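Undergrad: The following block contains the structure, expressed as structure tokens.
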Amino acid sequence: MVLYEYPFNESIRTMLRLEHLFDRLGQLMPRESALDHHFALVTIFEIMDVASRADLKSDLLKELERHKAQLNSYRGNPAISEAALDEVVARIDGAFNRLNQLSGKAGHALTANEWLMSIRSRISIPGGTCEFDLPAYYTWQQFLPARRRNDLMQWTQSLMPLAEALQVLLGLLRDSGAPHKVAAQGGQFQQSLAQGRSYQLLRMRIDPSLGLIPEISGHRLMISIRLMRQDEEGRLKLSGQDASFELTLCA
Numbered sequence: 001m002v003l004y005e006y007p008f009n010e011s012i013r014t015m016l017r018l019e020h021l022f023d024r025l026g027q028l029m030p031r032e033s034a035l036d037h038h039f040a041l042v043t044i045f046e047i048m049d050v051a052s053r054a055d056l057k058s059d060l061l062k063e064l065e066r067h068k069a070q071l072n073s074y075r076g077n078p079a080i081s082e083a084a085l086d087e088v089v090a091r092i093d094g095a096f097n098r099l100n101q102l103s104g105k106a107g108h109a110l111t112a113n114e115w116l117m118s119i120r121s122r123i124s125i126p127g128g129t130c131e132f133d134l135p136a137y138y139t140w141q142q143f144l145p146a147r148r149r150n151d152l153m154q155w156t157q158s159l160m161p162l163a164e165a166l167q168v169l170l171g172l173l174r175d176s177g178a179p180h181k182v183a184a185q186g187g188q189f190q191q192s193l194a195q196g197r198s199y200q201l202l203r204m205r206i207d208p209s210l211g212l213i214p215e216i217s218g219h220r221l222m223i224s225i226r227l228m229r230q231d232e233e234g235r236l237k238l239s240g241q242d243a244s245f246e247l248t249l250c251a
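For the sequence shown, the UniProt record's numbering gives the first residue as 1, with consecutive numbering after it.
Take a look at the structure:
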């Protein structure tokens, strides 16, 4: 089953983008080639760009506090395991403290590294990191993989509190939804959302053998999913066929 996720607000959209970048970084760093480590560095700069939003850190801290308060309100409930509750609250506390101790925005410490910033200023220019443009960077790419990997790990240290906070918050959000099977008639599905409940994330899983691509839209009152099929020229057209998939709404 292929998983698709659709955020209902800008905050969750930013969090998913950062999660995507951290996932890419985690895959590139352990590899050996200089090209993989080049794109790992590109990803670090992309994370810095997305994380540069002034209120991102404070928003994440507020969300962690809100989740902690909500979970603590369940204490004394016989249907809730106190041990499990303690474990989740401890994870929230750890993520909160490490993010709160971070000075400035995520990755801000890297802006003091002139060498890195010289690469960052040219990396968006097509071919801008050639050896004649940045000979010092070209020399770094010739180092042994272990040396390059060690440098990358040092540079990402100031980003890890952000990655941890995202992992905790998105994990709690995803766990809040219950998956259920739904059917799209003629390739289209619509569902009204309960008033008074604020959903933040839609998740859907669909069988890849169907060859269908979901086109998702939604707001606080309704969601709409159109199942599309790609033609030989890459254009998307409504499939028009009945199909079932798994849907999860996370509040």
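Even glycine gets a Cβ: it sits at the ideal position worked out from N, Cα and C.
Predicted model, so just to flag it, every value in this text is computed and none were measured.
Which residues share a DSSP beta bridge with residue 247?
TA: BP columns for residue 247 point to 180, 204.
Undergrad: Here's a check: name, in chain order, each residue in its chain whose Cβ is nearer than 8 Å to the Cβ of residue 93, leaving out the five neighbours to either side.
TA: Cβ neighbours of residue 93 beyond the five flanking positions: 68.
Undergrad: Quick one: residues in its chain with C-beta nearer than 7 Å to the C-beta of residue 76, no 5 flanking neighbours on either side, listed in chain order?
TA: Within the same chain, residue 76 has no close Cβ partners at all.
Undergrad: What is the rounded straight-line gap between the Cα of residue 214 and the Cα of residue 108?
TA: The alpha-carbon atoms of residue 214 and residue 108 are separated by roughly 37 Å.
Undergrad: Among 198, 102, 188, 161, which one has its Cα closest to the Cα of residue 237?
TA: That would be 188, whose Cα lies nearest to the Cα of residue 237.
Undergrad: Which class does residue 226 belong to by DSSP, given the choice of helix, strand or coil?
TA: Residue state, collapsed to three classes: strand.
Undergrad: Any chance you could list the alpha helix (DSSP H) runs of at least 4 consecutive residues sitting entirely within the region 128–158, in chain order?
TA: Fully enclosed alpha helix (DSSP H) runs of 4 or longer: 135–141, 145–156.
Undergrad: So, residue 106 versus residue 169, is the Cβ gap smaller than 8 Å?
TA: Not a contact, by the Cβ cut-off of 8 Å.
Undergrad: With distances taken from CA atoms, which of 172, 247, 203, 95 is nearest residue 182?
TA: Of the listed residues, the one whose Cα sits closest to residue 182 is 247.
Undergrad: Since residue 8 is in the alpha helix (DSSP H), which residue starts that stretch and which ends it?
TA: Run containing residue 8: none; DSSP gives neither H nor E here.
Undergrad: From this set, 53, 160, 86, which residue's C-alpha is nearest residue 101's C-alpha?
TA: Here the closest residue by C-alpha is 160.
Undergrad: Any chance you could list the alpha helix (DSSP H) runs of at least 4 consecutive residues sitting entirely within the region 46–76, in chain order?
TA: Those alpha helix (DSSP H) runs which fall completely within the region 46–76 and span 4+ residues are 56–72.
Undergrad: Provide the residue span of the alpha helix (DSSP H) that contains residue 161, from first to last.
TA: Note, residue 161: alpha helix (DSSP H), 160–175.
Undergrad: What whole-angstrom Cβ distance do residue 61 and residue 99 have, given they're in contact under 8 Å?
TA: So it is a contact: roughly 6 Å between Cβ atoms.
Undergrad: Below 8 Å CB to CB, which residues in the same chain sit around residue 192 once its five sequence neighbours on both sides are set aside?
TA: For residue 192, where only same-chain residues beyond five positions count, the Cβ hits under 8 Å are 221, 222.
Undergrad: Between the Cα of residue 202 and those of 251, 230, 144, 242, spot the shortest distance and give me the residue it belongs to.
TA: Per the Cα distances, 251.
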